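Asks: Counting in this note's numbering, the sequence shown runs from 174 upward without gaps.
Note that the Cβ used here is the ideal one computed from N, Cα and C, for glycine as well.
All values reported here derive from a predicted model rather than from experimental measurement.
The structure follows.
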Amino acid sequence: MQLHAILWPKEGLPTLTVLHIDTSVCPVQTKLHEVDVTIMDMRFFQSLVLQRNVRFCWKSNRFHLNLCVPCTTSVKGQSYMKKKMGPGNSGKIMGPAQPKSLNPNTCSTYTDVSVDNIIIDHDYNNAMKFQPSGCHVEIGKGVSNASVESVQAINAIIFAMNQSESLHVHDSSSITTVIPEHMMTVDDLDWEHLKHCHVVRCPKMHTVFMTNYGGYPFTEIETFWAADLPMAHCIWSKGTTYRGTETRCFAKLRSIHLYSCPRLAFVLPLLWGTQGLYLQNLESLHIVNCGDLKTVFPVHAGLKERVLEFPSLKHIHLYELYKLEHICEVKMHAPKLERVWLRGCWSLRRLPAIGTSIGAVGDSRRPVVDCEQDWWEKLEWDGLEAGHDPCLFERRHSSHYKKALPRVSVLR
């Protein structure tokens with residue numbers, strides 16, 4: 174016997190406290206004020222949202238909703254999506270354990286660099302501790318969005334995604350994008366509440382987010398983390414360019430971390446045609462082993478001759494990005510820059526300008542640049558007056574260039 178739908182009252186259940194529908198032996202621990210929904214088919218979302226799509230089918234925060242499917246994810250054809258919500262949510266992501274190494278066969282070409290230190294650093298450990306926010310969506314192994322065709326089902330999914338505060342997508346062998354473009358044409362999906370996103374091990378993922386810049390997408394997003402997306406071409410699509418300016422989109426984005434996305438061409442396009450503070454809170458940019466990446470931030474043609482401000486950018490960590498030509502397609506100004514760590518970015522020719530407020534040699538506030546000496550010597554500079562001069566940075570060259578000394582005396 175299979176569960177095909179839940180028939181709710183027309184106006185939902187305002188006094189719902191506990192509803193437990195269990196079709197397997199899947200134990201789920203859920204506190205009061207929480208909802209836990211586990212489904213195998215994304216079409217089931219239409220059973221969770223009122224037809225008018227103004228709210229979920231429940232009104233009270235004091236409930237425990239558990240729709241459980243067989244919890245063994247190794248069975249062929251099985252899949253699941255979990256949605257948790259509630260002000261008291263403290264549960265951890267229920268999915269495969271995070272591996273210690275994202276790519277155990279990775280070999281470092283630098284004698285001074287440990288692969289484990291590159292990939293498994295404090296940022297990766299923070300990602301392992303990724304906690305669902307109040308309204309959390311998880312898309313896991315076996316889930317497919319290709320079969321969703323009805324307008325009611327699409328509207329329900331878009332409504333649910335627009336309510337999500339955190340998103341975890343992992344181990345899906347079929348998904349090419351989180352929400353397909355044909356679904357977004359039915360209703361607007363702006364991810365208006367999404368704060369944290371974590372995407373890993375999706376071998377067919379081509380574009381993580383199909384983006385419509387005609388609206389105001391991603392106004393709340395703070396962190397994005399992705400790893401092991403071998404076919405990904407971009408994280409956010411270019412969508413439609415916009416002649417004006419819009420400083421609300423991505424205004425709260427603080428960090429971008431990307432690992433082992435070898436076919437990635439660009440990350441986040443800035444396609445507004447008027448000067449503005451588009452990534453005003455971005456503090457950390459960390460990209461490792463994305464060999465085809467040419468530009469992190471493509472820009473609108475109207476900004477080609479401008480200098481874009483990155484007022485909060487502090488840390489840049491780039492490793493083995495052989496084709497990277499630009500961090501941003503235009504010149505960057507990052508007055509709070511503290512540290513730049515690079516290896517294997519031989520096509521990159523510019524660092525961000527830092528301004529003239531930071532002193533020259535001897536100033537403890539000078540940003541540290543840890544890089545290959547050969548790369549440093551080929552950089553292009555605009556001069557001291559532009560706040561873009563080698564003397565404004567503290568250089569630390571790789572020990573890869575230090576000739577090893579003999580361990581024994583050469584004197585006989």
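1. Just the C-alpha distance for Leu340 and Ile312, rounded to the nearest angstrom, thanks.
2. In whole angstroms, what separates the C-alpha of Cys375 from that of Pro353?
3. Look up Met334 in the DSSP assignment and say whether it is helix, strand or coil.
4. Can you tell me whether Ala400 is buried or exposed? The criterion is at least 16 other CB atoms within 10 Å of its CB, across all chains shown.
5. How many angstroms separate the CA atom of Ala424 from the CA atom of Glu338?
6. Among Val222, Asp562, Ile527 and Arg516, which residue has its Cα nearest to the Cα of Asn328?
7. Exposed or buried, Leu557, counting other C-beta atoms within 10 Å across all chains shown (16 or more means buried)?
8. Span of the beta strand (DSSP E) holding Trp514?
9. What span of residues does the alpha helix (DSSP H) with Glu354 cover, start to end?
10. Let's test the definition: count the other Cβ atoms within 10 Å of the Cβ of Tyr451 and tell me whether it reaches 16, buried, or not, exposed.
11. Got a sec, what are the start and stop residues for the beta strand (DSSP E) Asp543 sits in?
12. Helix, strand or coil for Ser345? Go by DSSP, reduced to three states.
13. For His355, count neighbouring Cβ atoms within 10 angstroms of its own Cβ and tell me buried if that reaches 16, exposed if not.
14. How should Pro563 be labelled, buried or exposed, when 16 other C-beta atoms within 10 angstroms of its C-beta is the threshold for buried?
15. What three-state label does DSSP hand Ser220 in the structure shown?
16. Measuring straight from C-alpha to C-alpha, what distance separates Ile331 and Val541?
17. Any chance the stretch 492-508 sits against the stretch 542-549, with 3 or more Cβ pairs inside 8 angstroms?
18. Can you list, in chain order, the residues of its chain whose CB lies under 7 angstroms from that of Glu482, leaving out five sequence neighbours each side?
Replies: A quick look at the data gives this:
1. 8 angstroms
2. 15 angstroms
3. helix
4. buried
5. 16 angstroms
6. Val222
7. exposed
8. Arg512 to Arg516
9. Glu354 to Met357
10. buried
11. Val541 to Cys544
12. coil
13. exposed
14. exposed
15. helix
16. 44 angstroms
17. no
18. Leu450 and His506
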